[in-house]
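To start, the structure itself, in structure tokens.
There are 2 protein chains.
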Amino acid sequence: MPQNKAWTLASFPAGAVTESNFKLIESPAPSPKEGEVLVKSLWLSLDPYMRGRLSQQKSYVKGVELGEVMTGETAGEVVESRHPRFKPGDTVTAPAGWQLYGCVKGEMLTRVDASRAPLSYYLGCLGMPGRTAYFGLKEIGAPKPGETVVVSAASGAVGMVVGQLAKAWGCRVVGIAGGKEKCDYVRSLGFDACVDYKSGDLYVSLKEACPKGVDVYFENVGGPILDTLLRLMNLRSRIIVCGLISDYNSTESYGVKMFRSILVNRIKVQGMIVFDWQERYPEANQALLELVAAGKLKYRESILEGLERAPRGLIGLLKGENFGKQLVKLA
Amino acid sequence: MPQNKAWTLASFPAGAVTESNFKLIESPAPSPKEGEVLVKSLWLSLDPYMRGRLSQQKSYVKGVELGEVMTGETAGEVVESRHPRFKPGDTVTAPAGWQLYGCVKGEMLTRVDASRAPLSYYLGCLGMPGRTAYFGLKEIGAPKPGETVVVSAASGAVGMVVGQLAKAWGCRVVGIAGGKEKCDYVRSLGFDACVDYKSGDLYVSLKEACPKGVDVYFENVGGPILDTLLRLMNLRSRIIVCGLISDYNSTESYGVKMFRSILVNRIKVQGMIVFDWQERYPEANQALLELVAAGKLKYRESILEGLERAPRGLIGLLKGENFGKQLVKLA
Numbered sequence: 000m001p002q003n004k005a006w007t008l009a010s011f012p013a014g015a016v017t018e019s020n021f022k023l024i025e026s027p028a029p030s031p032k033e034g035e036v037l038v039k040s041l042w043l044s045l046d047p048y049m050r051g052r053l054s055q056q057k058s059y060v061k062g063v064e065l066g067e068v069m070t071g072e073t074a075g076e077v078v079e080s081r082h083p084r085f086k087p088g089d090t091v092t093a094p095a096g097w098q099l100y101g102c103v104k105g106e107m108l109t110r111v112d113a114s115r116a117p118l119s120y121y122l123g124c125l126g127m128p129g130r131t132a133y134f135g136l137k138e139i140g141a142p143k144p145g146e147t148v149v150v151s152a153a154s155g156a157v158g159m160v161v162g163q164l165a166k167a168w169g170c171r172v173v174g175i176a177g178g179k180e181k182c183d184y185v186r187s188l189g190f191d192a193c194v195d196y197k198s199g200d201l202y203v204s205l206k207e208a209c210p211k212g213v214d215v216y217f218e219n220v221g222g223p224i225l226d227t228l229l230r231l232m233n234l235r236s237r238i239i240v241c242g243l244i245s246d247y248n249s250t251e252s253y254g255v256k257m258f259r260s261i262l263v264n265r266i267k268v269q270g271m272i273v274f275d276w277q278e279r280y281p282e283a284n285q286a287l288l289e290l291v292a293a294g295k296l297k298y299r300e301s302i303l304e305g306l307e308r309a310p311r312g313l314i315g316l317l318k319g320e321n322f323g324k325q326l327v328k329l330a
Numbered sequence: 000m001p002q003n004k005a006w007t008l009a010s011f012p013a014g015a016v017t018e019s020n021f022k023l024i025e026s027p028a029p030s031p032k033e034g035e036v037l038v039k040s041l042w043l044s045l046d047p048y049m050r051g052r053l054s055q056q057k058s059y060v061k062g063v064e065l066g067e068v069m070t071g072e073t074a075g076e077v078v079e080s081r082h083p084r085f086k087p088g089d090t091v092t093a094p095a096g097w098q099l100y101g102c103v104k105g106e107m108l109t110r111v112d113a114s115r116a117p118l119s120y121y122l123g124c125l126g127m128p129g130r131t132a133y134f135g136l137k138e139i140g141a142p143k144p145g146e147t148v149v150v151s152a153a154s155g156a157v158g159m160v161v162g163q164l165a166k167a168w169g170c171r172v173v174g175i176a177g178g179k180e181k182c183d184y185v186r187s188l189g190f191d192a193c194v195d196y197k198s199g200d201l202y203v204s205l206k207e208a209c210p211k212g213v214d215v216y217f218e219n220v221g222g223p224i225l226d227t228l229l230r231l232m233n234l235r236s237r238i239i240v241c242g243l244i245s246d247y248n249s250t251e252s253y254g255v256k257m258f259r260s261i262l263v264n265r266i267k268v269q270g271m272i273v274f275d276w277q278e279r280y281p282e283a284n285q286a287l288l289e290l291v292a293a294g295k296l297k298y299r300e301s302i303l304e305g306l307e308r309a310p311r312g313l314i315g316l317l318k319g320e321n322f323g324k325q326l327v328k329l330a
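First to last, the protein sequences are chains A and B. Note that the first sequence covers residues 0 to 330 in numbering that gives the first Met the number 0. Note that the second sequence covers residues 0 to 330 in numbering that gives the first Met the number 0.
Spelled out as structure tokens, the structure:
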């Protein structure tokens, strides 16, 4: 039986997450029960939503409890199967958490084809972040060709896909990212422009980059950037509220001052979570895989080596220190 | 030629509206040009949207300019017609402004049947406020029977109709109003409950009045009441942003702190203006007239006598001093 390592929740963060909120434990890998599969995880995905799990506040789903293994999506290989649909060697994505080995019910696994794209992509542009971009943009944003789409955290896991999808659908696309290096990268993905929120006057820069105003805003960050966008939204425009990362670590919420723009411009603002389109995942998976195969969906990964680095990786992600989809390479 | 009196805009208010922002002028009534109709106005409607017209900020439509007659909807009689569809004696509603006599293009007039309901109702529950309630609730709120609908400014022109429509459509309906007298009245309209925002803890009172949370919130006021509602909204609930009257007179906008609820609860928040459903007005007019005829849509009016009182009436309306649909009786 191989040895397992797992990060468990030691305490709830008050404000910013710290490494001391987690505790690494070692034990023999567990054995699958009937209907379960033992997965050896090769990649762990780190995502902003994880901050919400480290809280006793109401959120999408139940949070992690003290002593529990921290939740997270992994990509890996089946080691042992007690489920009829899986056999050892299958490549899968699984909600196996921050650990090297996890037992997961067969129904919770997704089989993925590592010959069509790198395995890690199934945690990013071909996984939850990619599907989030696809359904949020298509179903809530519903951009028409020629419209202007703005996305914040544009070099992040979701933002990269949002922008390239919007380009593929005929829109003018403007990203928002922090720092010259990220902005240069975002432009290299084919965005028409990328504005650095850390430099200069964001309102002035965005106004210049969006001469016809903004029809669709894909919101990942919240805070003052949201207020700035509300000043630039067009009549009957749409805002997809996918994330508000600037608020996640705050003990006090930012007060949105330009709410009045929603009234004046008859904006539709809608919160989303990708689970709401679960029955349509195959549609998104196929569309995204086709774009990757055609070279029209480029994707950058930010890789940390070793499970030990997972807490530091999440902390950095929540501060915007990552550059591209944040992953931890486990083996 | 009869003598006309008209309120013109003397200055833009900075913050709260004052009487000195308006100037009363007298002149002979104008003569209609080809295609126009001279209307003698009997009733003038005062509405919160008028605050937006007294501003050089971007809003729905162009604001009033200095020296121009203040805009407003009136109900009255045709005195002289140079339009083929109208003749003297016809009862109409018209965007004739704050004056006794106005020339209006025939296309801008709506013929109304004063034998089926009091003429003034066509400025209220059978007019713009009624249609605003109807389309906002039906198209954005889309309440299902058994759901909980909350409406602020519940004793106001729009709020009264929202609540009674929602009751007619099988919902639990909770109003928010200021003071015991207004709340008693709102309950007498058939609302299941009405909460006094001026007394006690609004969150606690609303939570008690909405044991299953809130599915649809029809927003007329904004400010801290909006933040309180955001704490009570259910998963996949809807907020119709019809008005934000608490902000209209402020020089600094209120900061909405609970924006995160839109994400966590996947709320749809949408701004509206009734003009967007212009081609469907007959549908709303008929539905509302049927409810009035059946005694299922009761309506309270707050009547000021004489054009001279119009500025004071608007100032009071913006402070929530009116009780029911605010009108000025002109003759």
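A virtual CB, placed ideally from N, CA and C, is assigned to each residue, including glycine.
With 16 other Cβ atoms within 10 Å as the buried cut-off, status of residue i
i	result
D214 of chain A	buried
S80 of chain A	buried
R335 of chain A	Examination of residue 335 of chain A is not possible in this model, given that chain A is present from 0 through 330 alone.
M107 of chain B	exposed
G312 of chain B	buried
Q98 of chain A	buried
T92 of chain B	buried
P128 of chain A	buried
A330 of chain A	exposed
G51 of chain B	buried
Q277 of chain B	exposed
K39 of chain A	buried
V60 of chain A	exposed
L53 of chain B	buried
S30 of chain B	exposed
G14 of chain A	exposed
Unbroken beta strand (DSSP E) run spanning residue i, endpoints
i	result
L288 of chain B	Note, L288 of chain B: premise wrong, no beta strand (DSSP E); alpha helix (DSSP H) at 280 to 292.
D246 of chain A	Unbroken run through D246 of chain A is the alpha helix (DSSP H), 244 to 247; no beta strand (DSSP E).
S301 of chain A	300 to 304
E307 of chain B	Looking at the DSSP string, E307 of chain B is not in any beta strand (DSSP E), and its letter there is neither H nor E.
T7 of chain B	2 to 8
T73 of chain A	73 to 80
V327 of chain A	324 to 328
M232 of chain B	232 to 240
G270 of chain A	267 to 270
Expected contact under 8 Å - CB spacing of residue i and residue j to nearest Å
i	j	result
A176 of chain A	D195 of chain A	7 Å
T147 of chain A	R171 of chain A	5 Å
R299 of chain B	G323 of chain B	3 Å
L8 of chain A	E67 of chain A	6 Å
L118 of chain A	E72 of chain A	Wrong, their Cβ atoms sit about 12 Å apart, outside the cutoff.
Y48 of chain B	L287 of chain B	So it is not a contact: roughly 19 Å between Cβ atoms.
G145 of chain A	Q163 of chain A	About 17 Å separates the two Cβ atoms, so there is no contact after all.
V268 of chain A	I244 of chain A	17 Å between Cβ atoms; not a contact.
P12 of chain B	N20 of chain B	5 Å
G105 of chain B	H82 of chain B	3 Å
Closest by C-alpha distance to residue i, when choosing among the options
i	options	result
G294 of chain A	A:T90, A:L65, A:A167, A:S19	A:A167
L37 of chain A	A:Y247, A:E251, A:G88	A:G88
D46 of chain B	B:K86, B:V255, B:R237, B:Y247	B:Y247
V341 of chain A	A:L41, A:G14, A:K4, A:V291	Shown here, chain A extends from 0 to 330; a query on residue 341 of chain A therefore has no answer.
E138 of chain A	A:M271, A:C209, A:M232, A:G319	A:M271
E35 of chain A	A:R84, A:P117, A:K318, A:P310	A:R84
S204 of chain A	A:L228, A:G221, A:L188	A:L228
V77 of chain A	A:T90, A:K61, A:V149	A:T90
M159 of chain A	A:E218, A:M0, A:G212	A:E218
L231 of chain B	B:G221, B:G212, B:S249	B:G212
S198 of chain B	B:T250, B:I224, B:T17, B:S260	B:I224
Endpoints, the alpha helix (DSSP H) within which residue i is located
i	result
I261 of chain A	259 to 263
K181 of chain A	179 to 187
Q55 of chain A	Here Q55 of chain A belongs to no alpha helix (DSSP H), and DSSP marks it neither H nor E.
V173 of chain B	Unbroken run through V173 of chain B is the beta strand (DSSP E), 171 to 176; no alpha helix (DSSP H).
L225 of chain A	223 to 229
V161 of chain A	156 to 167
Check: residue i C-beta below 6 Å from any heavy atom of the ligand MN
i	result
V150 of chain B	The ligand MN is not part of this structure, which contains no ligands at all.
Identify every run of the beta strand (DSSP E) within the segment 192 to 217 of chain B, keeping only runs that are complete inside it and at least 3 residues long; order them along the chain.
DSSP runs (the beta strand (DSSP E)) wholly in the segment 192 to 217 of chain B: 192 to 195.
Please list the segments of the beta strand (DSSP E) lying wholly inside the segment 92 to 152 of chain A, counting only runs of 3 or more residues, in order along the chain.
Runs of the beta strand (DSSP E) inside the segment 92 to 152 of chain A: 100 to 104, 147 to 151.
Write down every uninterrupted run of the beta strand (DSSP E) in the segment 10 to 48 of chain A whose length is 3 residues or greater and which is fully enclosed by it, in chain order.
Listed in chain order, the complete beta strand (DSSP E) runs (minimum 3 residues) inside the segment 10 to 48 of chain A are 21 to 27, 35 to 44.
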